[in-house]
Structures are given as C-alpha cells and as structure tokens.
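*Asks:* Protein chains in written order, with the numbering used here: chain A, 6 to 369; chain B, 6 to 369. Positions of the beta carbon are idealized from the N, C-alpha and C atoms, including for glycine. My questions will all concern the structure given below.
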C-alpha cells in the first residue's frame, strides 16, 4: 500500500507504471517503453504495458482491463499518451471515453506530433492532468526514444571489456578472455536492449564472433571499409538482418550476392575511415533506433572521436596486464589535449563477481 | 554505550582500540599501529595509543592513565603486547603489576620474538586472555608491520592515475592533469601513510615533481639506472632523505657529491632494469618499512612483473583519451598470456568528486 511506502501517492503509482514499462525493454522498437496503472481508492484496479510495436499501447491495455471501473479513477502513465493515429487509434480518445477523471504522467512525448497536445485535449475535456512525476527516471527509461525524436539518430551505446590498466588484450594480442564468464553474460544481456550490434571488420575477422543475443534476432552492423567480409564467418550462422558498410570504391565488387541477403551500403571512406555520423544517419533511416557498439579499439575510438556516444559500458576485470604490446581498449584518433578528453559522468559501478561494470553518460 | 551498539562487548571495545591505533597512521614506523582501552563496568576508564617509535606503547599509556583503577579491569589491545625490552620496557610486566584481570587482543604479534609468548606469560599470571577479536581489521590496519615481520621486506603500495580507458597521458604525452585536484590531494594524503615514495628517473626528469607530503618528511627513492639525476630538480628542494639507485657501472661517476647528501646505491642493472627484489631488500635494511610507488608506467610495470606489489591504488578520471600515442598506465614487460595476468581483489571503489579511487590487493 502506498500509505506505508513513505512516498507520495503519485510517485508510488508512477513507480509501478515505470516498473511495468521496463518489462518490454528491448522489444518495443521503434516505440518507447510505456507502462500504465489505473488507480482508484489507493489501489491498482488495472494495469498494462506496451509489449511490442503494433500491439496495444499501455493505456489502452490498462483501460480495457479496468472497463467500467475506470470511471472516476486516476491513470498513471510514464509518457504522454498519443493523440494521433499510428498503428493503433489515439489513446486520448480512449481515456476521455473511459471516464478517467485524472491523468498523471512523467514526461511529455518528445515526438513533435504529440508534445503537449494530448495534455491540452485532456484538460479541454475536464480531465485533471499532472506532469513531471519521476520525470528523471522516465527520461532515462526512454533515453533511446528521446534521442530518436530529438536528433533523428539512433541512440549509441558503446561497450568494452578491459583489464584494470585499460588493456583489451594480452601482450600477444589475445583478447579471450579478459573478463569472466559472468561479465560476458551480462554484456550479452545488455546487447539485447538495443536494436543492433555494431563492430569493425577487424574484430569480425580476428575473433569471428556470433554477435547473437539470447532470445532476440539482432541486427548486425559491420564497418568494412576495404570490403573484406566473407560468407563463412560466424556472424552469418544465425541472422535476420546484416548490414555491411563497405568503401564506395568497392561498389562494383558485387560480393553481396555471396553474403546471402546481407545488405551492403557503400559509403565514402577517407583513409579507410567512415564518417560515423553518416553511418548512424543511414541506420536511422532503416528504423534502427539504437546501436550497441562492441569494438574493436579502433571502431570504439572513432565513435568517441566523432562524439557519437550516448552511453558507455565498461566491463573491468580485476587484473593488470601491463607491457608495451597489449592493445588499449579505445584507439581511434584520440585527444591530443587532456582538457579535450571525452568527459563522462559515472552513473553507477556494479560488482560482477570478480569483475565490475561501470555505466556512464557523456558529460553534458 | 556498548549495550546499545548491537555489537558484542569485546568487539565494541576492540573497535575503540582500533580507532585509537589508526590515529598515528604513517607516524609509528618501524613500529606497528597499536591502540589500547581499559574497560571496567562497561565503560572506558582509560585509553592510549602508540604515537611514534620511541614513545610509550599504547598499553603503557592506557595503564598509566588508569592508575589504580586498572585493578580488576579489562584491557583491549589490537596487537599482542610485547614481552621483550625494546626502546621501552615490556608491556606484559606492566599489565601484570597493574592488576588487570582480563586481556582481549585482536592478533598475535607476527614478530617471532613475541608471537604467543606474551599470551603464555599473562595466563601464567592468572590473567584471562582472549585473542582473535576483529582480527581481520587488525591485520589490515598493520599490513605493513605484518609484511615486514613475515618477509623482512618493505610493504609495497603502487599508485597510478589514469583515464577510464587506462591512459596516463594524452596523445602528446602530457600527463598534467588526468585526474582532478580532489583526486590529487587524496593521492598526496595516501603518500604520507608510507615511509618512502619511489619513482623512476623518467618521471623525475619529465614531470619534475616535489614528491613531498603535507606534514611529513618523505624518504624519496629514485630508480636511475643510467645515473641521469641532477641537483637542480624539485625533489631536492625540501628533503631529509633521498636515495638514488644508480647502475653499477656509474660507480666511479661521483655525482653524489653534487647531490647534497643524497645517498647513492650502485646496483647491477640488466638492460637498464634493476632487480626490484634487490631494491626492496636494500631499502628494508635501511629501515624503510613501506614504499609508495608512484610511477611512471615503466617503473610500475617492473613492480608488477616482479610480483612485488602488496596493494594497488588506482585513481580513475571519468574521461576517455583514446588514440594510439597516449601512454598506458602500466608498462614493463607485462603478461603474454591473459591467464597469467596479475590478479587483484578489489577492496573498495570510492567516489572522489568526478573521479574515483579503486583500492585493491593481489589475489592470494
């Protein structure tokens, strides 16, 4: 019961809506994560969450469950309800006809088609509206969607695993395995939050990874300026969608026939380096809303160089590698001045058995 | 009052003894840190701690304060009291004559001249003795002393400051300043826990550091295989004790006259690399019980290579440097196989403003 929770009533029920929303993490793309709770007399009488694009919205699901009991009740939803026809009819209409008397939301929809409009419509129909409840949490929950709507680009998370002294490999260049099985499992779990995994061709050729995620068909993106990819690699074993970015000058090398349905996008490469911004923009136009960049060092470095990093996951193993030939985790051009380094805000440091995971965001 | 503390009586008062002991951290060398509490009727009636070598022992101080009230009381002390004449008379004699009826100690003295002997003497005099209370904390508190007594070598702590991707410098080789002022102050504070600070000559010539600590005259140790040190460096500004390890073949270059009293120890260097074990052994014979190794990368690497590391402090700045020319924090020979990496147990991760500090111990 919220009365014993020490929280305000609105925060208590919004927390429930947020907890529902996150259940579908990694499954709603290109839609946001939304949870809804119908409350009456201090009790949840119905609830719902958006499970997948094309499936009912959270509000619709909760109101359907509530039925006539919704009359006079309060609706909690972590994102402003829609007022436009998408794949499903607008939620505001359903809220109005349900008899709901108060709507509490965390954040307005960053989608310019909606932003604040639903609030106005609801108020016009004499429904009390409160916004901004647990807004920080709600924005973080939908950080992918916010980035998409505001910048029309995919959200970019980068991940790397390193020793405590920042090494990706030992002094013979071997990277299997710096971190423990526990850490590697956790990394795979993170992968499935995102639409696509992205790696450079060197990583593909050297480590021959599968780049799969348990229970999800990942889009796999390969940056391959010199078009060296081959059909017999593990990434092709299980797949639905592979996109290879190849250097423009390989346009006439029609390798993609052999790549069994993988899409090849030819792009200008300067000294073998693509424009990361161009790549992200091409991916967004293909409805890829989020990218999980897994390496190697060179590819990671290029994302930092281009300042195209929205979130950073660092898996750190509790060991020292040392030496002169062990690769560092992030290469690229790098910064020539400490004061121009890519600054981060540490969000949290979690222990993962003998290793730990640092989650960080770029400093604004 | 211990009755409200939720702890057992013995743990409660031992905690007080430990809290007293740590007050003299960095000041008692070559002696251990010891605190003592005299308890009667559930109250502290007297207390003391060892402040400096040559000054009274903790037990002596507490018993002196207690005077006649010590009769029938209980003495808490984090280390087994001494039973031999050192610079001060043996504490067991004082305990026996004081009328103390029970002695609680955390750990037996690792010094073979004492180990368990005082316990026997006390029991022979019908004093009840309990050992092992908060033994883990007590051993950690005196980790330097335990290392000294058991291995006849200084305790070696290494410290480095790096970016999140393990870089010591930017891509132009500049290391000022990766971490924030808060972190650098914290590092200076750590320095004064130890008897000596040790750096390689490259760091001295490149960064020209002072290597001082607030409120303490540090011994400064320089590893200088090619004897390149000069008198006009900042390390010579304030000093009491500087030891320079120079390559054996420079024995006839009598530079030390110009080094104004600094001691020069000539040692064999193989390809410009000293034996770290020899260096530590030489330092121990000069009553240096603990060394704080501050770099640079090459020197740090050599300590890891030689497995002469007892504790690791990593200051990590929340930034990414990237690139190919930025130095890594630990060099040396390094490990050629991930499975042979220098494994650590993370003790704690502390936030220091925007940076953080990882404290770790070698995995046993």
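Where does residue 175/B fall in DSSP's three states?
*Replies:* Coil, per DSSP.
*Asks:* Among the residues of its own chain, which have a CB less than 8 Å from the CB of residue 139/A, if the five just before and after it don't count?
*Replies:* Closer than 8 Å at Cβ, skipping near neighbours: 16, 19, 20, 23, 83 and 111.
*Asks:* Taking a cut of 9 Å between CB atoms, which residues from the stretch 322 to 337 of chain B lie near chain A?
*Replies:* Correct list: 322, 323, 324, 325, 326, 327, 328, 329, 330, 331, 333, 334, 335, 336 and 337.
*Asks:* Have a look at the DSSP bridge pairing and note the partners of residue 355/A.
*Replies:* Residue 355/A is bridged to 362/A.
*Asks:* To the nearest angstrom, how far is it from the Cα of residue 326/B to the Cα of residue 93/B?
*Replies:* C-alpha separation (whole angstroms): 55 Å.
*Asks:* Rounded to whole angstroms, what's the CA-CA distance from residue 297/A to residue 356/B? Just pull it up for me.
*Replies:* When rounded, the distance between both Cα atoms is 27 Å.
*Asks:* Measuring alpha carbon to alpha carbon, tell me which of 321/A, 7/A and 128/A ends up nearest residue 350/B.
*Replies:* Nearest option by C-alpha distance: 321/A.
*Asks:* Pick from 180/B, 256/B and 62/B: whose alpha carbon is nearest that of residue 272/B?
*Replies:* Comparing Cα positions, the closest option is 256/B.
*Asks:* Can you check whether the CB of residue 29/B is closer than 9 Å to the CB of residue 12/B?
*Replies:* No, they are not a contact pair.
*Asks:* Please state whether DSSP places residue 2/B in a helix, a strand or coil.
*Replies:* Lying before the first or after the last residue shown, residue 2/B is absent from chain B, which here runs from 6 to 369.
*Asks:* Is the stretch 200 to 208 of chain A close to the stretch 191 to 201 of chain B, with three or more CB pairs under 8 Å?
*Replies:* No, the stretch 200 to 208 of chain A is not in contact with the stretch 191 to 201 of chain B.
*Asks:* Given a cut-off of 9 Å, decide if residue 284/B and residue 268/B are closer than it, judged by their beta-carbon atoms.
*Replies:* It is not a contact, given that the beta carbons lie outside the stated cut-off.
*Asks:* In chain B, which residues lie with their C-beta within 8 Å of the C-beta of residue 239/A?
*Replies:* Those do not exist, as residue 239/A stays about 21 Å from chain B at its closest Cβ, beyond 8 Å.
*Asks:* Taking C-beta pairs closer than 8 Å, name the residues in chain B that residue 168/A reaches, listed in chain order.
*Replies:* Within chain B, the residues near residue 168/A are 171 and 346.
*Asks:* Would you say residue 180/A lies against chain B (beta-carbon separation less than 9 Å)?
*Replies:* With 9 Å as the cut-off, residue 180/A counts as an interface residue toward chain B.
*Asks:* Where does residue 326/B sit, in a helix, a strand or coil, going by DSSP?
*Replies:* If DSSP states are grouped into helix, strand and coil, residue 326/B belongs with coil.
*Asks:* Less than 9 Å between CB atoms is the rule here; does residue 205/B satisfy it with respect to chain A?
*Replies:* No, residue 205/B does not count as interfacial toward chain A.
*Asks:* Of all the CB atoms in chain A, is at least one closer than 9 Å to the CB of residue 76/B?
*Replies:* Judged by the 9 Å Cβ criterion, residue 76/B is not in contact with chain A.
*Asks:* Within the continuous beta strand (DSSP E) that includes residue 167/A, where are the two ends?
*Replies:* Segment 160 to 168, the beta strand (DSSP E) holding residue 167/A.
*Asks:* Residue 230/B and residue 308/B: beta carbons closer than 9 Å?
*Replies:* Against a cut-off of 9 Å, the Cβ pair of residue 308/B and residue 230/B comes out as no contact.
*Asks:* Does the beta-carbon distance from residue 2/A to residue 245/A come in below 9 Å?
*Replies:* No statement about residue 2/A is possible, as the shown extent of chain A runs from 6 to 369 and does not include it.
*Asks:* Counting contacts by CB-CB distance shorter than 9 Å, is residue 103/A in contact with chain B?
*Replies:* Answer no: the Cβ-Cβ gap between residue 103/A and chain B never drops below 9 Å.
*Asks:* What do you get for residue 301/A, buried or exposed, if any count of 16 or more other CB atoms within 10 angstroms of its CB means buried?
*Replies:* That one is buried.
*Asks:* Entirely within the stretch 187 to 259 of chain B and at least 4 residues each: give me those alpha helix (DSSP H) ranges in chain order.
*Replies:* Complete alpha helix (DSSP H) runs here, min 4: 206 to 212.
*Asks:* Counting only beta-carbon atoms, is residue 304/B nearer than 9 Å to chain A?
*Replies:* Residue 304/B does not count as touching chain A.
*Asks:* Give me, in chain order, the residues of the same chain whose beta-carbon lies closer than 7 Å to that of residue 155/A; leave out the 5 immediate sequence neighbours on both sides.
*Replies:* Contacts found: 115.
*Asks:* Output the boundary residues of the beta strand (DSSP E) element that contains residue 60/B.
*Replies:* Unbroken run through residue 60/B: none, as it is neither H nor E.
*Asks:* Given a threshold of 16 other Cβ atoms within 10 Å of its Cβ, counted over all protein chains shown, does residue 145/A qualify as buried or as exposed?
*Replies:* Answer is exposed; the Cβ neighbour count stays below 16.
*Asks:* So who's on the other strand from residue 181/A, going by DSSP bridges?
*Replies:* Its beta-bridge partners do not exist; DSSP assigns none.
*Asks:* DSSP three-state label for residue 318/B, please.
*Replies:* Residue 318/B falls in the strand class under three-state DSSP.
*Asks:* Taking 9 Å as the CB-CB limit, is residue 342/B close to chain A?
*Replies:* Closer than 9 Å: yes.
*Asks:* From residue 135/A to residue 109/A, what distance separates their C-alpha atoms?
*Replies:* In a straight line, the C-alpha of residue 135/A is about 5 Å away from that of residue 109/A.
*Asks:* Can you tell me which of 97/A, 177/A and 365/A puts its alpha carbon nearest to the alpha carbon of residue 315/A?
*Replies:* When each option's Cα is compared against that of residue 315/A, the closest is 365/A.
*Asks:* Find the residues of chain B that neighbour residue 365/A, judging by a C-beta separation of less than 8 Å, and give them in chain order.
*Replies:* Per Cβ cutoff of 8 Å: 169 and 323.
*Asks:* Count the other C-beta atoms from every protein chain shown that fall within 10 angstroms of the C-beta of residue 303/B, then say buried if there are 16 or more, exposed otherwise.
*Replies:* It counts as buried.
*Asks:* Residue 309/A touches chain B at which residues, Cβ-Cβ below 8 Å?
*Replies:* The answer, in chain order, is 325 and 327.
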